Amino acid sequence: MPPPPTVNNSPYTRESIWACLPATTRGQPTPLDAHPKGTLLAYTNGRTVVLRDLAHPHIASEYTGHSFPVTVARFSPSGFYVASADVRGNVRIWDCTQPDQVLKSEFQVLSGAIHDLCWDAESKRIIVVGEGKEKFAHAFFFDSGSSCGEIMGHSKVANGVAIKPTRPFRAATCADDLTVNFYTGVPYKFATSIADHSRFVTAVKYAPDGSKFVSVALDGKIFLYDGTSGDKIKEVVDAAGNGHKGGIFAVAWGPDSKQFITSSADCTCKLWDVEASKVITTWTFDSSPTPNPANQQVGNLWHSTHLLTLSLSGDLHYLDPKTGAVARTITGHQKNITALTYAPATHTLVTGSYDGHVRAWDDTKPEAGARKVATGESDAQVQDLTVASADDAIHEPVAQAPKDASAIAISADKAKLAIGTTNRATSVFALDPATGKLSALIATVDNSKGAVTALGFSPDAGLLAAGDGSGKLVVYAVTAKSVEVKLTQWAFHTARITSVAWHDSGKYAVSSSLDTGVGVWSVDKPMAHVMIRNAHVDAAVGAVWVGEKRVASVGADGCVKRWKIEKMPGE
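Numbering follows the UniProt record's numbering, in which position 443 of the sequence shown is assigned residue number 443; successive positions increment by one, without gaps.
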């Protein structure tokens, strides 16, 4: 993982990432890839490429060099590089062996989104397929971008590509025009078009020994072809009728080239014996009469002993072929996270996302991953989260908030309530702790530079931090009778403040912002600060203290990150 930069002589360290799940699209396959040594899993979400330890999924890193949403990422056979492609037809080749992830080359090879790509066995050439105006595929050298053949023959969007891993090199592509095209090489030249499928062809894959390749499609059929000639060997049909009952999105070969797994819209993943055309094992993820589309299987991976299948929901399932069981399921967030809170008593982080999912994370056991708290069936964005008090009650004021209210906070002793508005004003009320009802308005202040977007009381309720739409924070001293400005120097964010939370000591605060940064601030030395730039792709949405010098943050990238503040500001 990249080493943290130093800001204002106060370095910070990123301790861990609970990575986002793969982005998926209904009706389309989702590419997954593994490092040649079997150590890392690669997938994409938004503008992020996630590299995740296959054996220890809680260990992850990310590549964020793309300017547009990334669609596919694959390791070179040498293991030195990753080629990642985006919705604008750009391919970036970058070093995955070093923390700084140096960019080797970048090319725009298609005019539309790239759906898949494949390296040749020499790690010199790449073929990409996808959308375009004049062509749907392109073959080029990874270092110079020069063409190494002409990948032609498709009349509609191309979905998958595979290159024969042994000489003589061959290649196969598949597309929405219901065909599989076969090419000789190099340079790659069109050889033949195969029209065995009756619906969109979603994937083609070569066996590791190069002797054959397989195609799958939304018609639920599987065809096997000779790897060198492209001649059809057979249709793979289970005689007992155990085949898929829906379209197939993905296929992955086993290391012995004798078995493969398929993932389907019928919510199953199946392990096949190729020679016998027989289903060995079926993993079923939804057997109800009306299956939830979220359980459709849209991607898979088989590398060494790791068998994975991907649900449309983004959940990654590790499969055990010996027992026919799901060994473990990796959950998390697939969409941008919109809310965060922390329960110190149980060391639990709770996060909510744009699609209505709520997850709980044990801060003391990062390897445990996320627990599902809510499934998000309503597809409603989670706006905010809170943790019940010791009496298991969440108290809410009954008085109506201003119509232009934009932020709210309640003190730990339940005696004060602050409401911020879009017209820059912050009103502080006295509360009756027993009933939660407003008893009096203490004061209204308007020192913010823009709409008040985040509020937070210090643990003793003596200070109130107010963040605004311009990226500035104002700290007020609050008593039972007055609200007065204490600090205005916390002004180093450049965009809207999305959250503010206080340290247990009341001497420090942490904030998050749309400028992608997380800031740590000092009350005693207001100009001293630690600014974690680019903490999250697109935006940092929330940040909380999870220890004396530890902070957790969430963002629009769907990731939960933990940071260690090596030196607190002002020390």
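Glycine is no exception: its CB is placed at the ideal position from the N, C-alpha and C atoms.
This structure is a prediction, so every number in the text was calculated from the model and none was measured.
Spanning the alpha carbons of glycine 547 and glutamate 566 requires a straight line of approximately 12 Å. A contact between stretches requires three or more CB pairs, one per stretch, nearer than 8 Å, and the stretch 282-292 fails this requirement with the stretch 350-363.
For serine 263, the beta-bridge partners assigned by DSSP are Ala250 and Cys269. The criterion of a C-beta distance shorter than 9 Å is not satisfied by alanine 19 and alanine 83.
Under the three-state reduction of DSSP, asparagine 295 is assigned to helix. Nearest to alanine 461 by C-alpha distance, out of Lys416, Ala495 and Val475, is Lys416. Taking C-beta atoms as the reference points, valine 518 and isoleucine 532 count as a pair closer than 9 Å.
In the three-state reduction of the DSSP assignment, glutamate 235 falls in the strand class, which pools E and B. With contacts defined as CB atoms closer than 9 Å, asparagine 300 and valine 237 fail to qualify as a contacting pair.
Excluding residues up to 5 positions away in sequence, Ala556 lie with their Cβ nearer than 6 Å to the Cβ of aspartate 538 in the same chain. Put simply, of Ala540, Leu54 and Met568 the residue whose alpha carbon is nearest the alpha carbon of valine 523 is Met568. Assignment of alpha helix (DSSP H) within the stretch 435-473, counting only whole runs of 4 or more residues, yields no such run. In this structure asparagine 423 is exposed. Its beta-carbon is surrounded by fewer than 16 other beta-carbon atoms within 10 angstroms. Looking at the DSSP output, asparagine 45 shares a beta bridge with Thr48. Burial is judged here by how many other beta carbons sit within 10 angstroms of a residue's own beta carbon; leucine 441 has fewer than 16 and is exposed.
Taken through DSSP and simplified to helix, strand or coil, alanine 539 comes out as coil. In the displayed model, alanine 368 falls within a helix according to three-state DSSP.
When DSSP states are grouped into helix, strand and coil, threonine 13 belongs to the strand group. One thing to note: alanine 137 has its Cβ within 9 Å of the Cβ of threonine 173. Excluding the 5 residues flanking it on each side, glutamate 150 has same chain C-beta neighbours closer than 8 Å at Ala139, Pro187, Tyr188, Lys189 and Phe190, in chain order.
In this structure, DSSP gives threonine 309 an extended state, which the three-state scheme calls strand. When DSSP assignments are scanned along the stretch 395-432, the uninterrupted stretches of beta strand (DSSP E) that are 3 or more residues long and fall wholly within it turn out to be 405-410, 416-421 and 426-431. With respect to the 9 Å criterion, alanine 454 and serine 511 are classified as neighbours on the basis of their beta carbons. Distance from histidine 493 to glycine 471 at the Cβ level is roughly 4 Å; contact confirmed, criterion being Cβ atoms closer than 8 Å. Excluding five sequence positions before and after glutamate 131, the CB atoms of its chain that fall closer than 6 Å to its own CB belong to Gly112, Ala113 and Val157, given in chain order. Beta-bridge pairing by DSSP links arginine 359 to Thr351 and Lys372. Here valine 544 is buried: its Cβ has 16 or more other Cβ atoms, across all protein chains shown, within 10 Å.
Leaving aside the five residues that flank glutamine 489 on each side, the residues in its chain whose CB is nearer than 6 Å to its CB run, in chain order, Pro526 and Met527. Rounded to whole angstroms, the separation of the alpha carbons of threonine 262 and proline 255 is 15 Å.
By the C-beta density criterion, glutamine 98 is exposed, having fewer than 16 other C-beta atoms within 10 angstroms.
Alanine 23 has its alpha-carbon roughly 17 Å from the corresponding atom of arginine 359. Lysine 245 has its alpha-carbon roughly 34 Å from the corresponding atom of histidine 58.
DSSP places valine 109 in the coil class of the three-state scheme, outside both helix and strand.
Using a Cβ distance threshold of 9 Å, glycine 79 and histidine 303 do not count as a contacting pair. The beta carbon of proline 36 sits closer than 7 Å to the beta carbons of Phe75, Pro77 and Gly79 from its chain, once the five residues preceding and following it are set aside; these are given in chain order.
The residue from Lys234, Val129 and Ser277 with its alpha-carbon nearest to that of threonine 202 is Val129.
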